[in-house]
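Asker: Quick one: the structure is below, questions incoming.
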Amino acid sequence: MVHRLLTDRIGWFSSISLFHIVVLIMFLTFITLDAYAVPSRPDAYWTFDDGTARDSSNRRLHGTIIGKPTSVKGISGNAMKFVGGQGIKIPDSRGINTGGTFANRTVGALFYCENAGQSSKQVIFEAGGITKGLAIYVHKNRVYVGAWNVPGINWNGAYIFSTIKSKRWYYVALVIRRATNKVQSDKFEMWMDGRLIEKERGAYLQAHGQDIGIAHVSQHTKYHDDTGRGRDVDWFEGLIDEIVIYNRALSEADLTSLMNPLNVEPQGKYTTTWGNLKDAYR
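All residue numbers for the sequence shown refer to the working numbering, where the first residue is 1088 and numbers rise by one.
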C-alpha cells in the first residue's frame, strides 16, 4: 500500500514537472519567435498591417492612397496588393528628403511581383527627382536599386540589380554608407534576402524635395537607362508587405535581422526561413 502510494505521488510529481517543462519550452519559443522586429528607431516604416499607409515610426509620415489597393495576407502581417493605377504618395519631411545631406541611408522593401518580366518599369519605392534621388524598381526580371546626386557632385548614379522571378517574395535593400561629397568606391550597396549583392561608387545624398512614391513614380525619377520622367507612372503590380527607411547605414547583422528571420503572423506565430517562404509561394 505504502509502495503504491509512493509510486502514485512520484508519478504525479513527474507529470507536473513534465507539464511545467512543456509550458516553459512553449513560453520561451513564443518569446523567441515574437522577438523578430525591424532594427530599432526607423525614420519611416510602413507596415500596411492595418490596411492603411500609416507610418509606424515617430515621424507620422502617413501616406495618401491612390485608387483602391486591397489589404491581403502577407509575410509579416498584412500586405498591400496593387494593380495598375494604385499606389501611395508620401509627404515631404526634413528627416527623409527635404533637409540636410544624408551620408548614410538604408531603404528596405519586402515585395512580391505578379509579373516580373514586364518591359515597363514597376516602381516599388522612389524619392527625389531627376537630379537627386533614390529608387527601387523591377524591370525585365530584375530588381534594381539606384541612387544619384548630380548637382555639384556629379554622381550620375549607381544602379545594382539582382535577377528575380514572378510570384515570389523578396526582401531588397539599398544602403548608402559613410558617403561624402566626393564619388568614392564602395559607398552604395544592394542587399537581397540577407546577403550583400554588390557595392558601387557613390556619394552623399543632398535634399531631394520632389515627391515620394510607393508602387509608382509620384514625380519623376531616374533609372539605369536614364528614363523616368513623368508623374503618376510606372505602376507596380503585386504585393508590398513593408517599406522601412533609416537615416543610418545598417550593419550586416542588422540587415540580416531585417531580412531573414521573418515573423509570419496570422493567429499562431512561427518562424521560417526565406527558402521555405519562397517555396510556399511558388
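We treat Cβ as the ideally placed atom computed from N, Cα and C, and that holds for glycine. For clarity, every value in this text was computed on a predicted model and none was experimentally measured.
In or out: Pro1129 buried (at least 16 other Cβ within 10 Å) or exposed?
Answerer: As a working note, residue 1129 is residue 42 in the sequence shown. By the 10 Å Cβ count, Pro1129 comes out buried.
Asker: Could you give the C-beta distance for Phe1212 and Ile1284, rounded to a whole number, given that I count them as a contact under 8 Å?
Answerer: Position 125 of the sequence shown, counting from 1, holds the residue named residue 1212. Position 197 of the sequence shown, counting from 1, holds the residue named residue 1284. The Cβ separation is near 17 Å, so there is no contact.
Asker: Given a threshold of 16 other Cβ atoms within 10 Å of its Cβ, counted over all protein chains shown, does Asn1241 qualify as buried or as exposed?
Answerer: Numbered from 1 along the sequence shown, position 154 holds the residue referred to as residue 1241. Exposed.
Asker: Across the region 1244 to 1262 and the region 1169 to 1176, are there enough close Cβ pairs to call them in contact, namely three or more that are closer than 8 Å?
Answerer: no
Asker: Can you list, in chain order, the residues of its chain with a C-beta nearer than 8 Å to that of Pro1126? Leave out the 5 residues immediately preceding and following it.
Answerer: Taking the first residue of the sequence shown as 1, we reach residue 1126 at position 39. Cβ neighbours of Pro1126 beyond the five flanking positions: Tyr1333, Leu1337, Asp1341, Ser1344 and Leu1345.
Asker: Just list the residues that DSSP pairs Gln1271 with in beta bridges.
Answerer: Translated into the one-based positions of the sequence shown, residue 1271 becomes position 184. Its beta-bridge partners are Gly1289.
Asker: Which of helix, strand or coil does DSSP assign to Glu1339?
Answerer: Position 252 of the sequence shown, counted from the first residue, corresponds to residue 1339. Three-state result, Glu1339: helix.
Asker: Taking just the CA atoms, how far does Lys1160 sit from Gly1215?
Answerer: Here residue 1215 refers to the residue found at position 128 of the sequence shown. Here residue 1160 refers to the residue found at position 73 of the sequence shown. Taking the straight line from one Cα to the other gives about 30 Å.
Asker: What's the call for Arg1147, buried or exposed, on a 16-neighbour Cβ count within 10 Å?
Answerer: On the sequence shown, position 60 is the one that residue 1147 refers to. Looking at its Cβ environment, which holds fewer than 16 other Cβ atoms inside 10 Å, Arg1147 is exposed.
Asker: Who are the near neighbours of Lys1168 in its chain, counting only those whose CB is closer than 8 Å to its CB and skipping five residues on each side?
Answerer: Position 81 of the sequence shown, counting from 1, holds the residue named residue 1168. Excluding sequence neighbours, Lys1168 sits near Pro1156, Thr1157, Ser1158, Val1159, Gly1325 and Leu1326.
Asker: In whole angstroms, what separates the C-alpha of Ser1144 from that of Trp1133?
Answerer: Sequence index remark: in the sequence shown, residue 1144 carries index 57 (1-based). Sequence index remark: in the sequence shown, residue 1133 carries index 46 (1-based). Taking the CA atoms as reference points, Ser1144 sits about 8 Å from Trp1133.
Asker: What are the residues that DSSP puts in a beta bridge with Ser1249?
Answerer: For this step, residue 1249 is matched to residue 162 along the sequence shown. Answer is Val1230, bridged to Ser1249.
Asker: Given Gly1182, which residues of its chain have a CB within under 7 Å of its CB, disregarding the five upstream and five downstream residues?
Answerer: Translated into the one-based positions of the sequence shown, residue 1182 becomes position 95. Correct list, in chain order: Asp1130, Arg1146 and Asn1334.
Asker: From the DSSP output, read off the bridge partner residues of Gly1195.
Answerer: Counted from its first residue, the sequence shown places residue 1195 at position 108. Paired residues: Ala1260 and Val1331.
Asker: Need the endpoints of the beta strand (DSSP E) that Trp1133 sits in, please.
Answerer: In the sequence shown, counting from the first residue as 1, residue 1133 sits at position 46. Element bounds for Trp1133: Ala1131 to Trp1133.
Asker: So Gly1315 and His1307 are in contact, right, with Cβ under 8 Å, and what is the actual spacing, rounded?
Answerer: If you number the sequence shown from 1, residue 1315 lands on position 228. If you number the sequence shown from 1, residue 1307 lands on position 220. For Gly1315 against His1307, the beta-carbon gap comes to about 6 Å, under 8 Å, which counts as contact.
Asker: Please report the straight-line C-alpha distance between Thr1250 and Arg1141, rounded to a whole angstrom.
Answerer: For the purposes of this step, residue 1250 is taken as residue 163 along the sequence shown, with counting starting at 1. For the purposes of this step, residue 1141 is taken as residue 54 along the sequence shown, with counting starting at 1. Between Thr1250 and Arg1141, the C-alpha separation is close to 31 Å.
Asker: Please tell me whether Ile1223 has its Cβ less than 8 Å away from any Cβ of chain B.
Answerer: No chain B appears in the structure shown, which is made up of a single protein chain.
Asker: Can you give me the Cβ contacts of Arg1096 inside the same chain, cut-off strictly under 6 Å, excluding the 5 residues immediately before and after it?
Answerer: Mapped onto the sequence shown, residue 1096 falls at position 9. Low confidence applies here, because Arg1096 scores a pLDDT of 48, under 50, leaving its location unreliable and the question unanswered by this model.
Asker: If the criterion is Cβ atoms closer than 8 Å, does the pair Ser1272 and Glu1201 meet it?
Answerer: Here residue 1272 is taken as the residue at index 185 of the sequence shown, counted from 1. Here residue 1201 is taken as the residue at index 114 of the sequence shown, counted from 1. No. Outside cutoff.
Asker: Figure out for me which residue from Thr1193, Thr1267, Asn1268 and Asp1280 has the closest Cα to the Cα of Arg1255.
Answerer: Residue numbering aside, residue 1255 sits at position 168 when the sequence shown is read from its first letter. Comparing Cα-Cα distances from Arg1255 to each of Thr1193, Thr1267, Asn1268 and Asp1280, the minimum goes to Asp1280.
Asker: Among Ser1207, Arg1282, Lys1286 and Thr1267, which one has its Cα closest to the Cα of Glu1276?
Answerer: The residue labelled residue 1276 in the question sits at position 189 within the sequence shown. Ranking the options by Cα distance to Glu1276, first place goes to Lys1286.
Asker: Look up Leu1326 in the DSSP assignment and give the residues it is bridged to.
Answerer: Against the sequence shown, residue 1326 aligns to sequence position 239. Lys1168 and Tyr1199, per the DSSP bridge assignment.
Asker: Just mark Leu1309 as buried or exposed, buried being the case when its beta carbon has 16 or more other beta carbons within 10 Å.
Answerer: On the sequence shown, residue 1309 is found 222 positions in, with the first residue counted as 1. The amino acid at residue 1309 is misidentified as Leu; the sequence shows Lys. The residue is buried, with at least 16 neighbouring Cβ atoms inside 10 Å.
Asker: Enumerate in chain order the residues of its own chain whose CB-to-CB distance from Gly1171 is below 7 Å, with the five nearest sequence positions on each side excluded.
Answerer: Counted from its first residue, the sequence shown places residue 1171 at position 84. Closer than 7 Å at Cβ, skipping near neighbours: Trp1322 and Glu1324.
Asker: By Cβ distance below 7 Å, which residues in the same chain neighbour Thr1218 in space, the five residues on each side in sequence not counted?
Answerer: Residue mapping note: residue 1218 aligns to position 131 of the sequence shown, counting from 1. Excluding positions up to five away in sequence, the list reads Val1237 and Pro1238.
Asker: Residues in its own chain within less than 7 Å of Ala1203 by CB, not counting five upstream and five downstream?
Answerer: In the sequence shown, counting from the first residue as 1, residue 1203 sits at position 116. These residues qualify, in order along the chain: Val1225, Asn1228, Ile1251, Lys1252 and Ser1253.
Asker: Along the chain, where does the beta strand (DSSP E) that runs through Gly1174 open and close?
Answerer: Taking the first residue of the sequence shown as position 1, residue 1174 is located at position 87. Gly1174 to Ile1177 is the span of the beta strand (DSSP E), which, as asked, contains Gly1174.
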